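In case it helps, the numbering used here puts the sequence shown at residues 7 to 267. Just so you know, even glycine gets a beta-carbon here, dropped at the ideal spot from N, CA and C. Please read all numbers here as calculations on a predicted model, not as lab measurements.
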Amino acid sequence: MSRPVFRADPGTLGAAGPGAEVVVTGPEARHALTVRRLGAGDALELVDGHGLRAAGTVTGAERERMTVRVDAVAAEPVRTPRLVLAQALAKGERDLLAVETATELGADAVVPWQAERSIVRWRKERAAKSHEKWVHTVAAAAKQSRRAAWPEVAPLASTEDLAGRAARPGTLALVLHEDAQRPLVDLLAPGTPDAALAGAEEVLLVVGPEGGIAPAELERLGAAGAVPVRLGREVLRSSTAGPAALAVLAALLGRWAGGDA
C-alpha cells in the first residue's frame with residue numbers, strides 16, 4: 007500500500023532536503039496522529055499542493071505537532087495542457103461529487119459556475135462557506151489520490167466569466183451538450199489532433215446543471231470560441247459528465263500511460 011499523504015505547512019518543503027526535519031502542525035498533524043494513528047518510525051509523504059513531494063519518516067509525535075525526517079524531495083513536472091472543469095452548481099451536492107471525482111482523475115483546476123438553470127444558488131451570506139466546502143472536498147480527494155499538485159478552486163463564475171476564460175489565447179473550451187454533433191473522442195483522437203488542442207495551454211470543460219445549459223448560455227459560450235461536444239449516446243448526470251470527459255482527455259493526452267503528454 008502506498009504511503010499516506012499529508013500537506014506540509016506553507017513554505018516548509020521548498021528548502022527541505024534529505025536529512026532535514028519538517029514540522030507539520032494543526033489539523034494535518036492531528037489527522038495524521040489521531041485519525042491515522044501514525045507514530046515515530048512510520049513512513050509517509052508530505053506535499054505542498056503545488057507539485058513538491060517529500061518522502062519521510064515520523065520522528066516526533068504530539069497531538070497537533072508532527073516532526074518528519076525527510077528522505078527525498080522531488081518536484082513533479084507541470085502537466086500541459088491544464089485540464090479545468092467548470093462545473094455548474096447542482097442540487098443534492100452532485101456538484102461536490104463531480105469535483106471530488108474530477109480531483110481523483112487529475113483535474114488541474116475546478117470552477118464553480120452559477121448557471122442560469124442551477125437550482126442551487128450561492129447567495130452572499132453562504133457564498134464563502136460554499137466555496138470553502140469545495141476547497142475541503144478537493145483537499146480530501148487530493149490526499150486520497152496521493153496528489154502532490156492540488157487543483158485550484160476558482161471563485162464562483164458567471165456565464166460571462168466563463169466566456170471570458172474561454173476566449174483567452176491558448177484555451178480550448180469544450181461544452182458538454184447532449185445535442186452536440188461532434189463526439190469528444192473524434193475531436194481529440196490520436197493521429198488527428200485538433201489544431202486548437204495542439205497548441206492549447208488549457209482545456210476548459212463546461213458542464214451544465216440538471217436542467218441543462220440554457221440556449222442563451224450556449225450561444226454566448228460559442229461566441230467566445232467554445233465547441234459543443236458529446237461523449238456518447240447516453241445522457242449523463244451533471245455529477246458524471248465532467249469526470250467522464252476528464253478520463254477521456256487524460257487517456258488521450260497520455261496521462262494514464264505512466265507519463266504526461
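A check of alpha carbon separations from residue 50 across 72, 249 and 128 identifies 72 as the nearest. For residue 119, the enclosing beta strand (DSSP E) begins and ends at 115-119. A Cβ-Cβ separation of about 6 Å places residue 53 in contact with residue 11 under the 8 Å criterion. Excluding sequence positions up to five before and after residue 245, its CB lies within less than 6 Å of the CB of 100, 103 and 104, all in the same chain and listed in chain order. DSSP places residue 24 in no beta strand (DSSP E); its state is neither H nor E.
Sequence-distant Cβ neighbours of residue 232 in its own chain, meaning closer than 6 Å and more than five residues away, are 172, 179 and 181. Taking a cut-off of 8 Å for Cβ pairs, the segment 209-221 and the segment 78-92 touch, as three or more such pairs fall below it.
Note that the C-beta distance between residue 64 and residue 23 is not below 8 Å.
Boundaries of the alpha helix (DSSP H) around residue 246: 244-258. Taking all protein chains in view, the Cβ of residue 116 is crowded by 16 or more other Cβ atoms within 10 Å, so the residue is classified as buried.
Ranked by Cα distance from residue 142, the first of 68, 175, 159 and 9 is 159. For residue 66, the enclosing beta strand (DSSP E) starts and ends at 58-67. Residue environment for residue 114: buried (at least 16 other C-beta atoms within 10 angstroms of its C-beta). In the DSSP assignment, residue 77 falls within the beta strand (DSSP E) that extends over 71-81. Counting every other CB atom within 10 Å of its CB across the protein chains shown gives residue 119 a total of 16 or more, marking it as buried. Contact between residue 128 and residue 168 is absent: CB atoms are separated by about 15 Å, not below the 8 Å threshold. In this structure, residue 252 places its C-beta atom within 8 Å of the C-beta atom of residue 108. In the DSSP assignment, residue 177 falls within the beta strand (DSSP E) that extends over 177-182.
The beta-carbon distance between residue 34 and residue 13, rounded to whole angstroms, is 6 Å. This is short enough to meet the 8 Å contact definition.
DSSP, reduced to helix, strand and coil, places residue 107 within a helical segment of the structure shown. Residue range 233-235 is occupied by the beta strand (DSSP E) that includes residue 234. Per the coordinates, the alpha-carbon of residue 262 lies some 33 Å from the alpha-carbon of residue 47.
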